[in-house]
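**Q**
Numbering (this note's numbering), first residue to last: 10 to 320.
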């Protein structure tokens, strides 16, 4: 996890030099950053069954998402302020040059933020090191074999297999909305001018992040009383209702309200999906392989969503 986290953070910092003259370097850093992020997330998620008891999964999962949402909002506000008021932060140049420079500096702040706050996890999470154990090069190239092994085990666990099938379906719907939300707000909402449009989209992003933290907390509480599966079903029904409501949304105030609902449900679905998957896992010491299957499947549908959006 440490390796992929550092890889992602340094690649993010490298995007500071992304320009038309260095487009191939920029694409390389972007590619490595994506690898670093999603690979580190696999290890991060797989720690949940190792550091908590089953009855704590929902609460711990929610706490992780809450801290992530709040931390993301803090850094987002800082970077937005830097982009909007670059001279206040000592970034010189004309208006356009200073704004572009501030955007580039934002990549550096994200990378540093990533490295600094990950140290807490590296220090406190168990390392599970084994003396005399050597890492073989086959681990890098035989990942598909581990995924096939996980799939063979999952096929024998009907409840977990059923949950994963449902997760793939509703995750595709959630990811689609998250991908097209910005385009929807930009094209369909009746903004007065470009300035209001830009500010409105920024506000909606902040609303989603902040309300998602609340959604994660509320669903963790609800799951204790009603159970994970029932709460997930209700959240998906609410998500369907949001999609139907959004068809009639044209005014900025309605868009903000919809963004709040999206954040509320998104935070809950992400939290309970991870904790429910952890609860349904069979007895195993190799939680990383199971969560790699979980994340690979989710990302496969994210790529399909992007394809459908562009066609």
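Each residue gets a CB set at the ideal place from its N, CA and C atoms; glycine is no exception.
Which first and last residues belong to the alpha helix (DSSP H) in which residue 271 is found?
**A** From DSSP, the alpha helix (DSSP H) with residue 271 extends over 261 to 289.
**Q** Among the residues of its own chain, which have a CB less than 6 Å from the CB of residue 301, if the five just before and after it don't count?
**A** So the list reads 51, once near-sequence residues are dropped.
**Q** For residue 99, name the three-state secondary structure that DSSP assigns.
**A** DSSP places residue 99 in coil when its eight states are reduced to three.
**Q** Can you list the alpha helix (DSSP H) stretches of 4 or more residues lying completely in the segment 217 to 257, in chain order?
**A** The segment 217 to 257 contains these whole alpha helix (DSSP H) runs: 237 to 255.
**Q** For residue 165, name the three-state secondary structure that DSSP assigns.
**A** Looking at residue 165 - three-state DSSP - the assignment turns out to be coil, as it is neither helix nor strand.
**Q** In whole angstroms, give me the CA-to-CA distance for residue 290 and residue 265.
**A** For residue 290 and residue 265, the distance between alpha carbons rounds to 38 Å.
**Q** What is the rounded straight-line gap between the Cα of residue 209 and the Cα of residue 261?
**A** Their Cα atoms are separated by approximately 7 Å.
**Q** Assess, as a yes-or-no matter, whether the segment 18 to 36 is touched by the segment 108 to 121 under the definition of 3 or more beta carbon pairs within less than 8 Å.
**A** Output reads yes: the segment 18 to 36 touches the segment 108 to 121.
**Q** What separation, rounded to the nearest whole angstrom, lies between the Cα atoms of residue 80 and residue 126?
**A** Approximately 10 Å, taken between the alpha carbons.
**Q** Assuming residue 84 and residue 122 make a contact with CB atoms under 8 Å, what is their CB distance in whole Å?
**A** Between residue 122 and residue 84 the Cβ distance is about 5 Å, and since that is below 8 Å, they are a contact.
**Q** Tell me where the alpha helix (DSSP H) around residue 27 begins and ends.
**A** No alpha helix (DSSP H) contains residue 27, which DSSP labels as neither H nor E.
**Q** Give the range of the alpha helix (DSSP H) segment to which residue 104 is assigned.
**A** Its alpha helix (DSSP H) spans residues 104 to 133.
**Q** Assuming residue 66 is part of the alpha helix (DSSP H), what are its boundary residues?
**A** Taken as a continuous stretch (DSSP letters only), the alpha helix (DSSP H) holding residue 66 covers 66 to 93.
**Q** CA-CA distance, residue 82 and residue 175?
**A** Straight-line Cα distance between these residues: approximately 30 Å.
**Q** Under the rule that 16 or more other beta-carbon atoms within 10 Å means buried, what is residue 135, buried or exposed?
**A** Classification of residue 135: exposed, given that the 10 Å Cβ count is below 16.
**Q** Let me know the secondary structure DSSP gives residue 211 once reduced to three states.
**A** In the structure shown, residue 211 sits in a helix (DSSP, three-state: H, G or I).
**Q** Report the option in 179, 14 and 89 whose CA atom is closest to the CA atom of residue 242.
**A** Here the closest residue by C-alpha is 179.
**Q** Give the range of the alpha helix (DSSP H) segment to which residue 59 is assigned.
**A** Counting along the chain, the alpha helix (DSSP H) containing residue 59 begins and ends at 57 to 60.
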